[in-house]
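Q: For reference, the structure I am asking about is given below.
Chains as they are written, first to last, in this note's numbering: chain A, 1 to 177; chain B, 1001 to 1325.
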């Protein structure tokens, strides 16, 4: 089922809002966090893909509600911080809150169903997430976190490619309208 | 309604959410010296206001205390000044009382050192109106059994003699008055003479021949021959001794401070003063009676001179010490 979003800008009136079965968002976010932590044990290749970020972006652009988007991003980020061994709580939370908000906002304005647009969106959000993360680290923790490296570029491409397939998979969890 | 508000203001909600997480981070992160970031920020945010407040309060307090609070200072200053004046007067009064107590103490000691001699303490209450006359008025008179020709002394030395007696007062002729005279002798040589007033502050010792060795600082004592002053009371010391014709001109510096007398003793009888503890302490001078000089201090060789050799032995005190009236 889809419905037209009443609130917000007039440009949002023609954008479709997707609904999911109950618990889908929570279970998906939980699985992303578990897999990210689980796969980390088996090598650094798991760092190539940021599953919590992909989940945040996907449900942000799909549900197209900035409030739920930022809350979902914030919750995923805080849990990600909690699972990391040395990150203070809130470091990923801030970055993913902003990403979730922006993803919802952008998803309400442009079409995010096409794989190419999804690829570009995930790529951009990855670097935006890294930028916010680096700023937070630099300002609050005095850590010289880099804004951009080749490794980050590789990771962003890998995440974007993987995200296109993951988004298609997650599209199957939508409730039919 | 809240849901609508949140939907209409997502950017504000985003800011609040991010701020909450920043604060959450600040609670966890520790900066230098193990200080949590939230405390660091809070201190940095609060301190400028506290500093401003402190500055403002200090300035306000300074204005208050230096200007507004000084409204009553003039009146308070006047009150304090009056209090200072009163205290000064009180201080002078106390100083006067202390001086008086000291003088009376000396008189009392002197009196106690000579219990055998009846004496009467008196206060100087006035002086002569004639600048050429060296006389004083005492607060003792006929009612106190004061009589003419009684000696007036202080613990320092002799002062003069009573020349007039009134019911409640009496008049003293000082030893430096030109009409005054007292039988005297030089303590070292026992040479007799007469201390006469000259009208100057310092009296003269007359009738000492030029052959007698007299040196400045030598003590001059009463000889007792005038039958007014008991023997061996201190009159003063030689200040100047010059050869003269036919006798030496000897200036005497009175032992008693004749220009600053306040309390004196009147010897009610011409009885000779003796030391109270003479038998116990025959060799030393009595500290309580500085005006009394022991006989033993005088050389005996001089006193062996024939009385006719000195004019002082011819009852020199008799004529000049006669009362005016």
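All residues carry an ideal CB built from backbone N, CA and C; glycine is no exception.
Note that the structure is a prediction, hence the values are computed from the model and not measured.
1. Could you check which residue in A:39, A:62, A:55, A:27 has the C-alpha nearest to that of residue 179 (chain A)?
2. Quick check on residue 35 (chain A) - is its C-beta less than 8 Å from some C-beta in chain B?
3. Do we get a CB-CB distance below 8 Å when we pair residue 1070 (chain B) with the residues of chain A?
4. Does the beta carbon of residue 1035 (chain B) come closer than 8 Å to any beta carbon on chain A?
5. Can you name the residues that DSSP bridges to residue 1237 (chain B)?
6. Show which residues of chain B have a CB atom less than 8 Å away from the CB atom of residue 140 (chain A).
7. Classify residue 156 (chain A) as helix, strand or coil using the three-state DSSP reduction.
8. Quick one: Cα of residue 157 (chain A) to Cα of residue 126 (chain A), how far?
9. Mind pulling the chain B residues with CB within less than 8 Å of residue 93 (chain A)?
10. Let me know the secondary structure DSSP gives residue 105 (chain A) once reduced to three states.
11. In whole angstroms, what is the alpha-carbon distance linking residue 82 (chain A) and residue 1016 (chain B)?
12. Are three or more beta carbon pairs between the region 1111-1129 of chain B and the region 1203-1212 of chain B nearer than 8 Å?
13. Going along the region 1040-1060 of chain B in order, which residues come within less than 8 Å of chain A, judged by CB to CB distance?
14. Can you tell me whether residue 1134 (chain B) is buried or exposed? The criterion is at least 16 other CB atoms within 10 Å of its CB, across all chains shown.
15. What residues are listed by DSSP as bridge partners for residue 23 (chain A)?
16. So, does the region 38-55 of chain A touch the region 139-158 of chain A, judging by three or more C-beta pairs under 8 Å?
17. Would the region 1237-1253 of chain B and the region 1216-1224 of chain B be scored as touching if the rule is three or more Cβ pairs under 8 Å?
18. Pull out every residue of the region 85-119 of chain A whose Cβ sits closer than 7 Å to any Cβ of chain B, in chain order.
19. Tell me, please, whether the CB atom of residue 67 (chain A) is closer than 8 Å to any CB atom in chain B?
20. When we look at the beta-carbon of residue 1046 (chain B) and count the other beta-carbons within 10 Å, is it buried (16 or more) or exposed?
21. So, with DSSP's three-state summary, where would you put residue 86 (chain A)?
22. Looking at residue 996 (chain B): is its Cβ nearer than 8 Å to the Cβ of residue 1158 (chain B)?
23. Opposite residue 1137 (chain B) in the DSSP bridges: which residues?
24. Determine the direct distance from the alpha carbon of residue 1049 (chain B) to that of residue 232 (chain A), and round the result to whole angstroms.
25. Is residue 65 (chain A) near the ligand SAH - that is, is its Cβ less than 7 Å away from at least one heavy atom of it?
26. Please state the DSSP three-state secondary structure of residue 77 (chain A).
27. For a contact defined as C-beta to C-beta under 8 Å, what are the partners of residue 60 (chain A) on chain B?
28. Within the chosen definition, does the region 84-91 of chain A reach the region 1015-1029 of chain B through at least 3 CB pairs nearer than 8 Å?
29. Please state whether the Cβ-Cβ distance between residue 118 (chain A) and residue 163 (chain A) is less than 8 Å.
30. Looking only at its chain, what residues have a beta carbon closer than 6 Å to the beta carbon of residue 133 (chain A), apart from the 5 residues adjacent to it on each side?
A: Let me lay it out:
1. This structure gives no information on residue 179 (chain A), because the portion of chain A shown stretches from 1 to 177.
2. False, the Cβ-Cβ gap to chain B never drops below 8 Å.
3. Against chain A, the CB of residue 1070 (chain B) has no partner CB under 8 Å away; the residue lies outside that interface.
4. Residue contact check for residue 1035 (chain B) against chain A: no CB pair falls below 8 Å.
5. Note: residue 1237 (chain B) sits in a beta bridge opposite B:1219, B:1253.
6. Proximity of chain B to residue 140 (chain A) at the Cβ level (cut-off 8 Å) is accounted for by 1022, 1025, 1026, 1029, 1037, in chain order.
7. If DSSP states are grouped into helix, strand and coil, residue 156 (chain A) belongs with the helices.
8. So the alpha carbons of these two residues sit roughly 9 Å apart.
9. In chain order: 1021, 1024.
10. Three-state DSSP puts residue 105 (chain A) in a helix.
11. Rounded to the nearest angstrom, the two C-alpha atoms are 21 Å apart.
12. Too few Cβ pairs lie closer than 8 Å, so no.
13. If the cut-off is 8 Å between Cβ atoms, the region 1040-1060 of chain B has nothing near chain A.
14. With 16 or more other Cβ atoms from the protein chains shown falling within 10 Å of its own Cβ, residue 1134 (chain B) counts as buried.
15. Answer is none; residue 23 (chain A) lacks a bridge partner.
16. Because the criterion of three Cβ pairs below 8 Å is met, the region 38-55 of chain A and the region 139-158 of chain A touch.
17. Enough Cβ pairs lie closer than 8 Å, so yes.
18. The region 85-119 of chain A vs chain B, Cβ under 7 Å: 88, 89, 90, 91, 93, 94, 97, 98, 101.
19. Chain B, which has a Cβ nearer than 8 Å to the Cβ of residue 67 (chain A), makes this yes.
20. Under this definition residue 1046 (chain B) is an exposed residue.
21. Residue state for residue 86 (chain A) is assigned as coil, using DSSP reduced to three classes.
22. This structure does not reach residue 996 (chain B), given that chain B is present from 1001 up to 1325, and the question cannot be answered.
23. Checking the DSSP bridge columns, you'll see residue 1137 (chain B) partnered with B:1126, B:1171.
24. Residue coverage of chain A in this structure runs from 1 to 177, which leaves residue 232 (chain A) outside it and unanswerable.
25. This structure lacks the ligand SAH, and indeed carries no ligand of any kind.
26. Here residue 77 (chain A) sits in helix by DSSP.
27. Near residue 60 (chain A) there are no residues of chain B at all, since even the closest Cβ is about 12 Å away, more than 8 Å.
28. Judged by Cβ distances under 8 Å, the region 84-91 of chain A makes contact with the region 1015-1029 of chain B, as three or more pairs qualify.
29. Note that the C-beta distance between residue 118 (chain A) and residue 163 (chain A) is below 8 Å.
30. Result list for residue 133 (chain A): 95, in chain order.
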